[in-house]
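K.L.:
Next up is a structure, given as structure tokens.
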Ligand code: NAD
């Protein structure tokens, strides 16, 4: 039996990396998946790959910082598939800078995509899920939402914000009797375009990252997608306001 059979999901930032792996896995496990991303060409490619594998998917152009775009994306999802059961707020950007070297402009850009994007995605998903009788929202934080890094001032702040915002939303939904669960996922370093960009394909820089993970290697997008699948499915029906750390022992 497929693990999310008959459910409808939206995954932000699903044209690449962790989001793409998540969309593919949710579709393989029976969900109809809407891929929301800025990058239309990559997003359409991801949709085609899901369809070629026998799954059901559609692309919507979405900038997660834009409230109107979120409303339109959810409306499109409801029009296409009639309901919303799963929302994965995955879109995010990396930014390297200390408290002294980060400009206010860069700080705001990071908070806008990584934190405002998760807030808007959660708020709009709740509205749709109330009509569908419940659902599961999964927000992508990071190990950098659990521990500090001197060169990740803005990123640390955004991902720490996602962690506690998730708990606030989870408590609100539970206490309101909505049957909507909200959880966060905290990956260690995963080999995606984001991390390739950080290390600029530099073998020594990559090895430095590997050495931070006691398990001896970086993660793969599917390592995170399987955790998200669990939180998205009814297997986790007693799990809300929790934080799932998938980091090869980085923060152990
Ligand atoms: P990625 O850069 O490989 O892919 C991110 C996707 O998000 C891209 O398709 C991009 O077009 C999209 N995106 C960016 N800004 C957007 C916006 N404003 N609106 C809509 N889409 C937008 O990233 P990834 O490595 O797959 O990371 C996914 C999530 O996981 C992020 O939130 C990231 O912070 C988090 N994360 C990643 C790692 C890692 O090591 N890769 C570790 C911890 C947490």
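Residue numbers (the numbering used here): 3 to 254. Note that CB positions come from ideal geometry on N, CA and C, so glycine has one too.
Rounded to a whole number of angstroms, what is the C-alpha to C-alpha distance between residue 161 and residue 143?
P.N.:
So the two alpha carbons sit approximately 5 Å from each other.
K.L.:
Thinking just about the alpha-carbon of each residue, which of 98, 128 and 41 is nearest to the one in residue 183?
P.N.:
Nearest option by C-alpha distance: 128.
K.L.:
Determine whether the beta carbon atoms of residue 99 and residue 87 lie at a separation below 9 Å.
P.N.:
no
K.L.:
Just mark residue 209 as buried or exposed, buried being the case when its beta carbon has 16 or more other beta carbons within 10 Å.
P.N.:
exposed
K.L.:
Quick check: is any heavy atom of the ligand NAD less than 8 Å from the C-beta of residue 199?
P.N.:
yes
K.L.:
When you compare each of 177, 228 and 165 to residue 120 by their alpha carbons, which one comes out closest?
P.N.:
Taking only the C-alpha atoms, the option nearest residue 120 is 165.
K.L.:
Per DSSP, what are the beta-bridge partners of residue 39 in this structure?
P.N.:
63
K.L.:
By Cβ distance below 7 Å, which residues in the same chain neighbour residue 94 in space, the five residues on each side in sequence not counted?
P.N.:
If you ignore the 5 residues before and after residue 94, its C-beta comes within less than 7 Å of the C-beta of 15, 115, 116 and 142, all in its own chain and listed in chain order.
K.L.:
Using DSSP with H/G/I as helix, E/B as strand and the rest coil, what is residue 183?
P.N.:
strand
K.L.:
Does the ligand NAD have a heavy atom nearer than 8 Å to the CB of residue 145?
P.N.:
yes
K.L.:
Tell me the DSSP bridge mates of residue 189?
P.N.:
248
K.L.:
I'd like the list of long-range same chain contacts for residue 97, defined as Cβ closer than 8 Å, with 5 residues on each side in sequence excluded.
P.N.:
104, 108, 111, 112, 154, 156 and 157
K.L.:
Write down the C-beta distance between residue 235 and residue 35 rounded to the nearest angstrom, noting that I regard them as a contact closer than 8 Å.
P.N.:
At roughly 14 Å, the Cβ-Cβ gap does not stay under 8 Å, so residue 235 and residue 35 are not in contact.
K.L.:
Tell me the rounded alpha-carbon separation between residue 63 and residue 237.
P.N.:
31 Å
K.L.:
Please indicate yes or no: does the CB of residue 196 lie closer than 8 Å to some heavy atom of the ligand NAD?
P.N.:
yes
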